[in-house]
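What follows is a short report on a single structure.
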Amino acid sequence: MKKMTDYMAEADAIVPRMSSADAVSHINDENSVFVDVRDAYMIADSGTIDGGHHIPRGLFEFVADEDSPLFNPLFDKSKTFYLICGAGGMAALAGKTLKEMGYENVINIGGFSDWKDAGGPVR
Numbered sequence: 003m004k005k006m007t008d009y010m011a012e013a014d015a016i017v018p019r020m021s022s023a024d025a026v027s028h029i030n031d032e033n034s035v036f037v038d039v040r041d042a043y044m045i046a047d048s049g050t051i052d053g054g055h056h057i058p059r060g061l062f063e064f065v066a067d068e069d070s071p072l073f074n075p076l077f078d079k080s081k082t083f084y085l086i087c088g089a090g091g092m093a094a095l096a097g098k099t100l101k102e103m104g105y106e107n108v109i110n111i112g113g114f115s116d117w118k119d120a121g122g123p124v125r
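If you read the sequence shown in this note's numbering, its first letter stands for residue 3, the second for the next number, and so on.
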């Protein structure tokens with residue numbers, strides 16, 4: 003039987019982590035896509051990345067699959083995806099999903115408070 007720690011260890015093993023301080027320099031790159039995977043109520047409380055997108059973790063399988071009726075063209079496999087959440091756990095799990103779906107360039111940038119502390123743009 004798998005535990006939460008098993009899922010996290012698997013995700014952390016395949017999704018590279020980058021500090022928010024390093025990720026901030028990529029916010030205006032045309033091949034970079036920043037996605038906040040938290041639920042809407044969390045974003046309402048804290049804000050999110052200015053220039054980023056909000057897609058809850060629970061929708062990734064639907065919006066990242068080209069054959070899904072809910073496919074979002076934001077999900078272009080040639081782009082690099084920078085995922086953020088509250089502390090990095092949900093971003094890692096969402097990143098693992100993307101990796102399993104064939105997205106090669108996926109990076110976990112951790113938690114939103116780290117993003118703000120690094121001077122990342124917020125809205």
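C-beta atoms are modelled at their ideal positions from N, C-alpha and C, and glycine is treated no differently.
Going by DSSP, name the residue or residues bridged to residue i.
i: VAL108; result: PHE83
i: ARG19; result: ASN110
i: HIS55; result: VAL37
Would residue i and residue j be called neighbours here (beta carbons separated by less than 8 Å)?
i: GLY113; j: GLY90; result: yes
i: GLY53; j: ASP38; result: no
i: ALA13; j: ALA120; result: no
i: VAL108; j: LEU72; result: no
i: SER21; j: HIS28; result: no
i: LYS98; j: VAL17; result: yes
Between which two residues does the alpha helix (DSSP H) harbouring residue i extend?
i: SER22; result: 22-25
i: PHE62; result: 62-65
i: SER48; result: 42-48
i: GLY114; result: Residue identity differs from the one stated: residue 114 is Phe in this sequence, not Gly. Its alpha helix (DSSP H) spans residues 114-119.
i: GLU102; result: 91-102
For the candidate residues the options, whose alpha-carbon lies nearest to that of residue i?
i: ASP78; options: ILE86, GLU68, LEU72, GLY60; result: GLU68
i: ASP41; options: ALA120, CYS87, ASP119, ARG125; result: CYS87
i: ALA66; options: ILE16, ILE29, TYR9, ALA96; result: ALA96
i: SER70; options: HIS56, MET103, PHE83; result: MET103
i: ARG59; options: VAL17, ALA23, LEU100; result: LEU100
i: ASP116; options: LEU76, LYS5, ILE51; result: ILE51
Give a single yes or no on whether residue i has its beta carbon closer than 7 Å to a heavy atom of the ligand GTP.
i: GLU32; result: Here there are no bound small molecules, and the ligand GTP is not part of this structure.
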